[in-house]
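One structure is given here, and the rest of the page talks about it.
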Amino acid sequence: PGAPHERLEVAGSWGQEGYPMMSPRSGLLKRKGGDHVQINGTYELRPGRHNGSPWWEKPADADCPEARALFRAADGGSWVIDERPHEGGPDALVLARVRTAAADPTRAGALWGPVALCVHAAG
1452 PGAPHERLEV
1462 AGSWGQEGYP
1472 MMSPRSGLLK
1482 RKGGDHVQIN
1492 GTYELRPGRH
1502 NGSPWWEKPA
1512 DADCPEARAL
1522 FRAADGGSWV
1532 IDERPHEGGP
1542 DALVLARVRT
1552 AAADPTRAGA
1562 LWGPVALCVH
1572 AAG
């Protein structure tokens, strides 16, 4: 396998509008739609390896106060997106997962769940 991609672009997380809730900024009732778990965006390759594979991070920003990590599960059976890198076991509750033996998350060949995501090299 070649060198890991420096940047990955993740897109596709989109939710239906939820129940109306009071907006803390405007004081109006609003329905929020969109990328509720803040998965979409550009993930940068991090130094070193996690669970024996490269891993990428989408840093926190004004839209998402928590970072997101894309990493290989320790058992090698899936790629995971979650708030931070961890073991990513098959029974762990995570933001997104694709079950695959592919060494590159852009070549998974299976659908991410619970949302169908597109993961590809950025740039």
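First residue of the sequence shown? That's 1452 in my numbering, and the numbers climb one at a time after it. Where a beta carbon is used, it is the ideal one built from N, C-alpha and C, also for glycine. Here the structure is a predicted model, which means the values were calculated and not measured.
Query raised in the report: Helix or strand or just coil, what does DSSP make of T1493?
Result: In the structure shown, T1493 adopts extended strand secondary structure according to DSSP, grouped into three states.
Report task. Quick one: grab the DSSP three-state call for R1500. Result -> DSSP places R1500 in coil when its eight states are reduced to three.
Query raised in the report: Can you name the start and end residues of the beta strand (DSSP E) that A1547 belongs to?
Result: Per DSSP, the continuous beta strand (DSSP E) segment holding A1547 begins and ends at A1547 to R1550.
Report task. Go ahead and label A1572 buried or exposed: buried means 16 or more other beta carbons lie within 10 angstroms of its beta carbon, across all protein chains shown. Result -> Label assigned to A1572: exposed.
Query raised in the report: By Cβ distance below 6 Å, which residues in the same chain neighbour A1518 in space, the five residues on each side in sequence not counted?
Result: Cβ-Cβ distances below 6 Å link A1518 to E1508, P1510 and A1511 in the same chain, with the five nearest sequence neighbours on each side left out; the list follows chain order.
Query - Same chain, Cβ closer than 8 Å to T1557, neighbours up to 5 away in sequence not counted - result: Within the same chain, H1456, L1459, V1570, H1571 and A1572 come within 8 Å of T1557 by CB-CB distance, once the 5 residues on both sides are set aside.
Report task. Measure the Cβ-Cβ separation of W1530 and A1559 and say whether it is below 8 Å. Result -> Between W1530 and A1559, the gap from beta carbon to beta carbon is short of 8 Å.
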